[in-house]
Amino acid sequence: MQINLSGHHVEITPALKSYVETKLTRLERHNDRITNVAVILGVEKLRQKAESTVRISGREIYAYAESQDLYAAIDLLADKLDRQLIREKEKQKDHKHHH
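Just so you know, this note's numbering puts 1493 at position 70 of the sequence shown, and the rest follows in order with no gaps.
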């Protein structure tokens, strides 16, 4: 799983990069076919923003989060992606049972 991290008015420090990688690597628990995760961190006025597109074998999952703290925004983003991947997994399970 490849993680591409970029910043919009945000300096991507090694600590920030490491935090994002730690948080998003856990997504692989739900889906081992994730090929790429693109993350954009940004600041707009006083809001810290984090958004991500996760590519899973031909499909994409998108999530967006904002907070007053960038690390909190990353946490929220990781949780949203986590939930979306769990839902995706449930849908696939249901789909298999209906055939």
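We treat Cβ as the ideally placed atom computed from N, Cα and C, and that holds for glycine.
With C-beta atoms as the reference, is residue i less than 7 Å away from residue j?
i       : j       : result
ARG1452 : SER1480 : no
LYS1440 : ILE1497 : no
GLY1430 : LEU1469 : no
THR1476 : ALA1488 : no
ARG1478 : THR1458 : yes
With a 10 Å radius around its C-beta and 16 neighbouring C-beta atoms as the bar for buried, classify residue i as buried or exposed.
i       : result
GLN1471 : buried
Where residue i and residue j are concerned, what is the direct C-alpha to C-alpha distance, given to the nearest angstrom?
i       : j       : result
LEU1500 : ALA1473 : 7 Å
LEU1450 : TYR1485 : 13 Å
HIS1432 : VAL1443 : 17 Å
ASN1427 : ASP1517 : 32 Å
On the DSSP bridge list, what partners appear for residue i?
i       : result
GLY1481 : For GLY1481, which the question treats as bridged, DSSP gives no partner whatsoever.
LYS1472 : GLY1465 and GLU1489
VAL1460 : ILE1426 and VAL1477
HIS1431 : GLY1465
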